[in-house]
């Protein structure tokens, strides 16, 4: 069995700095040029889990522990690691500058294009990453829990 860098990054020995949870996506909300329809996440595979990034860039700042679909959309919960980018995210959150979550690239999707060019996404099988964001693409994709020092 070969151990990948991603697997090593997720070992339990990484200290937890905080836990975070919230709505990563809501059904029926215009997000730039697309709208996600109810049920689109039914076939979502969480193997591997999406990466946790800050604003869709840089190194991983933590890991998502659960990614699940409910009647409103996609709900996620995870923990931030004890590293510099995660400490910066905590500082932004405490300052009121980090409020939401944002889906990164989506894979194996099905959609219809409306006449106006908006995509109605009905099926998503994988998401590369879910970021903590200052301004989420979905204005209702908000952080609902942020517990600093949890699990230490």
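Residue numbers (the working numbering): 235 to 386.
For glycine and all other residues, C-beta sits at the position ideal for the given N, C-alpha and C.
Exercise for the section: From the DSSP output, in three-state form, read off residue 323 for me. Expected result: helix
Exercise for the section: Answer yes if the segment 254-263 comes into contact with the segment 338-355, meaning at least three C-beta pairs across the two stretches below 8 angstroms, and no otherwise. Expected result: Judged by Cβ distances under 8 angstroms, the segment 338-355 makes no contact with the segment 254-263, as fewer than three pairs qualify.
Handout entry: Beta bridge counterpart(s) of residue 275 as assigned by DSSP
Key = DSSP lists no beta-bridge partner residue for residue 275.
Exercise for the section: Since I believe residue 286 is in contact with residue 312 (beta carbons under 8 angstroms), could you give me their beta-carbon distance rounded to a whole number of angstroms? Expected result: The pair is a contact, with the Cβ atoms about 6 angstroms apart (cut-off 8 angstroms).
Exercise for the section: Quick one: residues in its chain with C-beta nearer than 8 angstroms to the C-beta of residue 377, no 5 flanking neighbours on either side, listed in chain order? Expected result: 254, 255, 256, 327, 332, 333, 334, 335 and 366
Problem - Range of the contiguous beta strand (DSSP E) that encloses residue 369 - result: Taken as a continuous stretch (DSSP letters only), residue 369 belongs to no beta strand (DSSP E), as it is neither H nor E.
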